[in-house]
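Inspection log for the structure reproduced underneath, given as structure tokens.
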Amino acid sequence: MALLNTALGRFFAISIAIHILAFFIIRAQPLRSTAQPEPIAVSLLPQSERPSAPAARVSKAAPAPRTPKAPTIIAKKDPTVSKEFPAPLPDQPTPVERQREEPPPREPIQETTVVVERPLPTLRELLPSPTYSSANARNSGPVSLNTKDPIYVSYFTKIKQTIEQQWEYPEMAMRYGLQGRLFLEFTIGVSGRLEQLRMIRSSGSQLLDEEALRAIKAAAPFPPIPSWIKPVPLSISATMEYHDSRLDYRIAR
């Protein structure tokens, strides 16, 4: 029995070893098939088609001559062509040529202007009308003795000179330092005679007022009223001033 058991044990051991070996062989078989590279097809040329060695050496020693390259043409920028004016076609004129072209002649325009010659005005026409000035004087009241109206200037200058020759600064007024300004009106007839005299506003001193009224009465009669001054009789307003000094009394300007 011991011998039988030993033989069976060996048999089973060998059988198990064979099965294990077969298992590993079968398991390793797919790995070998996948690891093998794909076969490369190789074809052999006939003997006549192979190039000879000397000919190959000659081709390497003497390369084929190179053809010369054509020179590169670089386009230059045309100064006459700008971004505003694109390059014209060959058959079309350039923008500069278009500007140089003369415009078509214009049709003549018939002049319809009429020139009217007027004579220059005379000096008499430039001066104000005597009638108009007299009417204004009548409507506006008395004429100022210091007016700048050319109709009255020459005549009123004579009246002022006549009054200033008779007018004096009272000695008593200078002694007490009296001074002031008064306004008065007087009317002259056509012959220059004093027809009316009245005080409009006093200077504040009776002595000064009386001296001014006396000077106007003493200066009358005045020169006759010229023919270009109308209406007559002529009313005149005057302002007379007194100051501290005898030399500072005058008709207000």
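Numbering (the numbering used here), first residue to last: -16 to 236. Glycine included, every Cβ here is placed at the ideal spot set by N, Cα and C.
In whole angstroms, what is the alpha-carbon distance linking F7 and G(-8)? F7 and G(-8) have their alpha carbons spaced roughly 23 angstroms apart.
Indicate whether E188 and G163 have their beta-carbon atoms separated by less than 7 angstroms. Looking at the sequence provided, one finds Ser at residue 188 rather than Glu. Yes; because the gap between Cβ atoms is below 7 angstroms, this pair is in contact.
What are the boundary residues of the beta strand (DSSP E) that Q179 is part of? Counting along the chain, the unbroken beta strand (DSSP E) around Q179 starts and ends at L177 to R184.
If you measure between the beta carbons of A202 and I134, is that distance less than 7 angstroms? Contact flag unset, no.
With C-beta atoms as the reference, is I171 less than 7 angstroms away from F205? The Cβ-Cβ distance between I171 and F205 falls below 7 angstroms.
Three-way DSSP call (helix, strand, coil) for T130 in this model: Residue state for T130 is assigned as coil, using DSSP reduced to three classes.
What did DSSP end up calling F(-6) once you bin it into helix, strand or coil? DSSP places F(-6) in helix when its eight states are reduced to three.
Among A221, R101 and H226, which residue has its Cα nearest to the Cα of F166? Scanning A221, R101 and H226 for the CA closest to the CA of F166 turns up A221.
Grab me the residues of A(-4)'s own chain with a C-beta within less than 6 angstroms of its C-beta, minus the 5 sequence neighbours each way, in chain order. Taking C-beta separations shorter than 6 angstroms and ignoring five residues to either side along the sequence, A(-4) has no partners in its chain.
What's the gap between the Cα of Y138 and the Cα of S127? Spanning the two alpha carbons is a distance of roughly 12 angstroms.
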